[in-house]
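I have placed the structure first, in the form of structure tokens, so that the comments after it can refer back to it.
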Amino acid sequence: MKPGKLLAAALSALMILPLAAGCAGKADGLTILGKKSDLEKTYMVRVFDLYEKATGEKLRVEAVEDGEFEKEAAARFAKGEGPDILLHFHNADLDRFDAEADFLPLNDQPWVSDLTDSARAYCEDADGNLLGLPFWENSVSGCYYNKTILDSLGLDPASTQAEFDMLCEALAGIGKTPVCWPADGCSWMPQFALDPVFADDPATLEALNAGTIDYADIPAVTDMVTWIAGAARSGWFGDDYLKTGWEDISPALSSGEAVMAFIWDTWFYTDFTPGKYTVDDFALMPVFMGTVSEGTYEGGNLNMMMVNKQGGRVDEALAFLAFCAAPENYNAAFDGIATVNCFQGQTTNIQSPMVTAAQGSVAARQRVSTASSRVRGYSAEDTLSALNALLRGKTDIPACVSALDRARKAAIEEGKG
Amino acid sequence: MKKRFWRFWPVLAVCAVLIASVLIGVFYFRFISEKIYADSTDHLGEIYGQVNRTFSAFIERNWGLLTNWGQYFEREGEVTRQIADEYILPKQNHWRFTDFYFISESGEGMNIAGETAPFTLSGAWDRLMVQGYASMAGERLPDGTEVTVFAVKPERHMEYEGFGFDAIAMCYTNEDLAADLRVDAFNGQARCFVIHADGTVLLSTQAGGSVFSNYLKYLDGASDLEDGDLRSMRADWEARASGLVNCSIGDEENVIFYEYLGYQDYMLLSVVPQSVVSAGFLTVQETTVKMLVAIFLLLGAGALILVLVRAHRQSRKNRLELQYREMMFDAVSRSLDDIFLMFDVNAMRVDYLSPNVERLLGVKAEDAAADIRVLGTCAVDGDVFIPKDELLAIPAGGSLRRACAYRHQQSGERRWYRMAVYRLMVEEADKFVFVMSDRTQERQMNANLQEALDAAKSANEAKSNFLSNMSHDIRTPMNAIVGFSALLERDADKPEKVREYTRKIAASSRHLLSLINDVLDMSKIESGKTNLNIAAFSLPELLAELSIILTPQAKAKGQSFTTHLKGSPPETLMGDKLRLNQILINLLSNAIKYTPQGGKIEFTVTDLPSPAPQYAKLRFDVRDNGIGMSENFLGEVFSPFAREVNSVTNTIQGTGLGMAITKNLVDLMGGIIQVESKLGEGSLFTVELSFATPEEAGGDGWYRHKISRMLVADDEEDVLSGIRETLRDTGVEVACAAGGVPAVEAALAAHGAGEGFDVILLDWKMPDLSGVEAARQIRERIGGQVPILVLTSYDWADIEEEARAAGINAFMPKPFFASTFFDTIRPLFEAQEVPVPEPAAAPAALKGRRFLAAEDNELNAEILSEMLSLEGAECDLVSNGAEAVKAFNASAPGTYDMILMDVQMPVMNGYEATAAIRAGSHPEAGTIPIVAMTANTFAEDVRRAMDAGMDGHLGKPIDMDAVRALLGRLLEQKDRGERT
């Protein structure tokens, strides 16, 4: 971040402090609505505390159970009872809201220039409107592999899809599980493969969202499904992958049973339990899932603080966002948190050595999380469901692609309704 | 043991052949495998040796080119872009390397275009820069491209466009080099690496790149090679030796071949799956196996076809044999009366049942096959089929025998069987074979034999009894005859004694004669020589004659003898009157004989409904209240020579043949005779007979005699109804009175009304008023115009005088017959009192007559002559038929009144003599009465006599009463000029 921009942000924060302080005596502070689990994140709690201490204003943080959040939030906005600030991912569920009517575009806010490119890209809609302030642990999703095992076997990480397939074959041939693919808990993995399809070709994304083409019309989608089916058939996911879930990823990687996983760096700091192997044994290479030969990385999926345009306290809300975007505040909030930078001025967070080591490759191959956030009706769960039906032998590849389309269209219908 | 071995020897032989085949196969395949494997590995070595040589030449060439180019640059002194473009680029196009680099001592490289890239020449830097040797190394370019670099160090330091360099290099992408090193052998499944002696992979032939950085490490982690093996292999590499190692990577067996590349420490290493190396063997093995399988299959198919053909032939032969056997067995069993069946007791199922079961037992074969217990229902004694427990108690191989009787379910015919049940094991199944051998004929034969034996015994016994009885019965009268004859001789001078003895001798003689007659009659009937002489006869006459004969006998014993008629039977019947008379006299005389003094005998004739109009069916009941018969004797009463023995019968003379003769005669006439009796209470004999009825001439006696109203009085309703029935269609009005008093009243009333009866018929003995008394009262009141008749079963001789005095005009016997009635009243209406004719056999009839008698027995001739003499007649005796013919023919007409002709005579018998007389020319040949006098007394004898032309028949011994009656009648007819 350039010094001039940092100064402007600091001044803005100082300007709004009195305004915020003026409201301190009010009984009803800014209302912030979010998922319960999201609002309990350390850095969120920290920034709320910092704000309340700095302004004296008490925030009304309304935490909704995870399973009920989307409907509850959408209902409240529909009734004109939306919160001042909504904490939400830029994903398909955002279609439940009328973004243009509900949320204030933030392109002209002073802190925008401090955002990293990938973070900003994630938060923009198709028209380039910045929907919210990304305030979340950022990450790089890719293929994290056990470099110790590969080194011991005299194997190199893959740089192409062909090499990745060779690697899988070599590992599978000696009884290793090349890729950890927990069938009941890997809903995010397919989107990694689809990101370059849409990120690299916006026209395709536009046509798909316009309904002029289907997944079946996009060869890369079929390629991905074909690769997943072939990998499963070749034993690259192991023998019992259909019985495994989210909780099985850590044991598989820490024990060395599985050599690689399509996941993100911060997972190693939040969910990975070291075993025979620790985080230091892992390294990052691109994800290869049949779509692009050179592989791909996905940028972070971030929670955004979105300002309710219809709320009565838009200015206070913008002031709160400016407070959060101030370097001293986000550095205080993310101090010691493992995350890739969302702000250019982030210095206190922990940068993953895996990402750092692969920085060049990441820079060359990373895509913004596009599939899940930009494809209308995309549902990670529906995608997984359709793929699992294929992997369990209930459908074939064309039927699976059709099922993906049906699920997508159904979600669009539901969102419209 | 031996037997067991020989039974299984084919199996053992097949097993031995199979084991030998497997052993030979294993040996063969092992040999082939080793041979082909050795060849394949040699082939592998040859192939990669060639690759090695090619690659070595490639290296050599590159280094040679670089050396030349370095010398060229040295000669030029300065390398400019123009020199490089003009000199190197054509070379690049020609040798198709990827790029050309100038390399500085600091490890930086620059290509002709001026692009820089770092060069480490992993491990080969010192060799190049320090030692000045041409080198080869792997390198990753900034864009990530993996390349193999060939570099040489020129003699001196030079510059390219200001960039100082100490070495020059040409590089090829690994992908390009891999394509050159790839071999098509082993189906493209062979991997080839150029590796350093430490295992680092310089180059891989894998398409799409390589993920192997150090193949030694990979083998260490992924293969089953032990540390020692790996060390040994590495030692080989360091020693630049060639080698071949077998190892398993994952689940796949691989062959690793390595050979020194010839430069630096590089080795050429190839990894080929063993399955590929052994593909030739596998192909040979597969082909061999296929061929062997094909051969075995062909041989097996041939053997199978052979076996099937033979099996089919044998099966067909067996089936035909079985079919023939079944057909023969069926045919035999159909013609036999023996039943065969095979039975499974556990399943209660019939496996085989001979088809004759329906013919013999009337049970459908399928029904019996479905449930064998059906046969049990045919058992005569109601026994069920042999119980399962009893069957199971038969030991295996044992049998059970029993006799049983079955009844044919349709015809009811009873058959006897000898059943034999055999328990057999048929193919380890427990079976029971039933052989039901028909013993019906045998049993019937035995029964017949037994019956015949019993009959013979009975007959023998009866004849013994008969002889015993006859001995007694004959001796008794003979004793009397002999005794009284002796007394007669002694008292010949005492006329009273003579008459008494003569009378007793005559009585004994008659008894003896009747005894002989019965015996002969019985003998005749039993021999089947008795024939019936069917002719029209008058039932009223028959009954009247019976009454005449038997009433005196009953009267003599003080018995009541009454005759009843029920219904209105035809008066004229067609039948053998003589035999019918004999039947009824036997029954009635027996009733009189065995009924004590003062007893009651009732004779009833009943007209039964007849099945056809031209026949009459009559029942004759003879009921008495005599001594009766025991129940035991009832069963034998009709047996010959049977007589009940008790204190009463012992005093009564009899032959014991009367009832047997009666029964035989009834049978002969197609009738039925039955008897009911109770000892001490009396007996009832019933005879039912059918007679043909001749067409009767219509009678108009009633009209002629102007009888339109008749009064009948009787205390018995049956009598009254019988008369009413008899007169029903005659137009005569019958008024009935149930006693004498009502009869008088009815007669007076009718007379008073001016409608008097034309005839009054009164029973004699009526409880309220007797017929005689009733007649007297009627006569007193209404005078003597109307004829009054007494109807009675009794002999009216004793009351005739009193009755006539009372005004009774005539008597007629019961039962009432129209013909008898007319015969009785005719004289009254015609006012011609005809005296009752005297019997034709009046003694006077023979007086003055002259007979010609042919008799060969002098004694009989003398008796006849004397008896005729006593009658006042004369008799000329001749000793045979011929003499009789001669004497008659010689006589003047009118000499003889009659010829008495014996039948059995010497020279010419009586029949022949009669025929000769009749055929003769004597004027009286056709009219002279000829009477047989013969001991041949049967009806046939009578008929034969008549057929011979005789006019009458008299049986011997001569009964003078009969002689008088017959001769008197014939003589009277002769006198009237009639031919008898």
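Chains as they are written, first to last, in numbering that gives the first Met the number 0: chain V, 0 to 416; chain S, 0 to 979.
Heads up, the beta-carbon is just placed ideally off N, CA and C, and yes, glycines get one too.
Q: Measuring only between beta-carbons, confirm whether S:Q188 sits less than 8 angstroms from chain V.
A: no
Q) If you follow the beta strand (DSSP E) that S:S398 is part of, which residue opens it and which one closes it? A) S398 to R406
Q: Identify, in the order they occur along the chain, each residue of the same chain with its Cβ nearer than 6 angstroms to the Cβ of V:G184, setting aside the five sequence neighbours on each side.
A: G244 and W245
(Q) So if I threshold CB-CB distances at 8 angstroms, which residues from the segment 45-56 of chain S count as touching chain V? (A) none
Q. Does any CB atom of chain S fall closer than 8 angstroms to the CB of V:E162?
A. With 8 angstroms as the cut-off, V:E162 counts as an interface residue toward chain S.
Q) Quick one: what does DSSP say S:I798 is sitting in, helix, strand or coil? A) coil
(Q) Can you confirm whether V:R222, when its beta carbon is compared against all beta carbons of chain S, has any partner nearer than 8 angstroms? (A) It is Asp, not Arg, that sits at residue 222 of chain V in the sequence shown. For V:D222, the answer is no, since every Cβ of chain S falls outside 8 angstroms of its Cβ.
**Q.** Identity of the residues DSSP links to S:I787 by a beta bridge
**A.** S:I759
Q. Quick one, which of S:G249, S:F256 and S:I248 has its alpha-carbon nearest S:R988's?
A. Beyond the ends of chain S as shown, which are 0 and 979, falls residue 988 of chain S; an answer cannot be given.
**Q.** Distance, S:T286 Cα to V:T420 Cα
**A.** Summary: the structure shown does not reach residue 420 of chain V, with chain V confined to residues 0 through 416, and so no result is reported for it.
**Q.** Below-8 angstroms beta-carbon distance, S:Y214 vs any chain V residue
**A.** yes
Q) Considering only residues of the same chain and omitting the five flanking positions on each side of S:A221, which have a CB-CB separation below 6 angstroms? A) I248
Q: Determine whether the Cβ of S:A177 lies closer than 8 angstroms to any Cβ atom of chain V.
A: no
Q: Check the Cβ of V:M165 against every Cβ in chain S and list those closer than 8 angstroms, keeping chain order.
A: Per Cβ cutoff of 8 angstroms: Q205, G207, G208, S209 and V210.
Q: Inspect the CB distances between the segment 94-112 of chain V and the segment 348-367 of chain V and report whether three or more fall short of 8 angstroms.
A: Cβ pair count under 8 angstroms is below three, so no.
Q. Per DSSP, what kind of secondary structure is S:L511 in: helix, strand or coil?
A. helix
Q: From the DSSP output, in three-state form, read off S:L486 for me.
A: helix
Q.
Please report the straight-line C-alpha distance between V:T382 and V:S158, rounded to a whole angstrom.
A. Distance between the alpha carbons of V:T382 and V:S158 is about 27 angstroms.
(Q) If we define contact as Cβ-Cβ less than 8 angstroms, is S:I255 a contact residue for chain V? (A) no
Q) Between S:G63 and chain V, is there a C-beta pair that is closer than 8 angstroms? A) Cβ-Cβ to chain V under 8 angstroms: no for S:G63.
Q: Evaluate S:M424 with the Cβ neighbour count: other Cβ atoms within 10 Å of its Cβ, from every protein chain shown; 16 or more gives buried, anything less gives exposed.
A: Label assigned to S:M424: exposed.
Q: Would you list the residues sitting across from S:A874 in a DSSP beta bridge?
A: First, the residue type needs correcting, since residue 874 of chain S is Cys and not Ala in the sequence shown. Per DSSP, S:F850.
Q. Can the beta-carbon of S:T147 be found closer than 8 angstroms to that of S:G137?
A. yes
(Q) Which same chain residues end up closer than 7 angstroms to S:Q558 when comparing Cβ atoms and leaving out the 5 residues on each side of it in sequence? (A) I591, T594, G597, G598, K599 and I600
(Q) Quick check on the DSSP output: what are the complete beta strand (DSSP E) runs of length 3 or more inside the segment 110-164 of chain V, in order along the chain? (A) 140-145
Q: Determine, using beta carbons only, whether S:G738 and S:M709 come nearer to each other than 8 angstroms.
A: no
Q: Give the interface partners of S:E251 over in chain V, defined as CB-CB distance under 8 angstroms, in chain order.
A: Ordered by position in chain V, the residues that pass the 8 angstroms Cβ test against S:E251 are G172.
Q. Any residues in the segment 160-176 of chain S with a beta carbon nearer than 9 angstroms to a beta carbon of chain V? Which ones, in chain order?
A. Hits within the stretch: zero.
Q.
Check this for me: beta carbons of S:L545 and S:I584, under 8 angstroms apart or not?
A. yes
Q. Rounded to the nearest angstrom, how far is the Cβ of S:R849 from that of S:E865, given a contact under 8 angstroms?
A. Rounded, the Cβ-Cβ distance is 16 angstroms, inconsistent with contact.
Q | Limits of the alpha helix (DSSP H) - the one that S:Q673 falls within | A | First-last for S:Q673: I671 to K677, but that is the beta strand (DSSP E), not the alpha helix (DSSP H).
Q: Compare the C-alpha of S:L867 against each of S:S890, S:F820 and S:A961 and name the closest.
A: S:A961
Q. Between which two residues does the alpha helix (DSSP H) carrying S:E85 extend?
A. Its alpha helix (DSSP H) spans residues R80 to W94.
Q) Looking at chain V, which residues of the segment 134-147 of chain S have a Cβ within less than 7 angstroms of any of its Cβ atoms? A) G143
Q) Is the CB of V:S112 under 8 angstroms away from at least one CB in chain S? A) no
Q. Can you find a C-beta in chain S that's less than 8 angstroms from the C-beta of V:S233?
A. no
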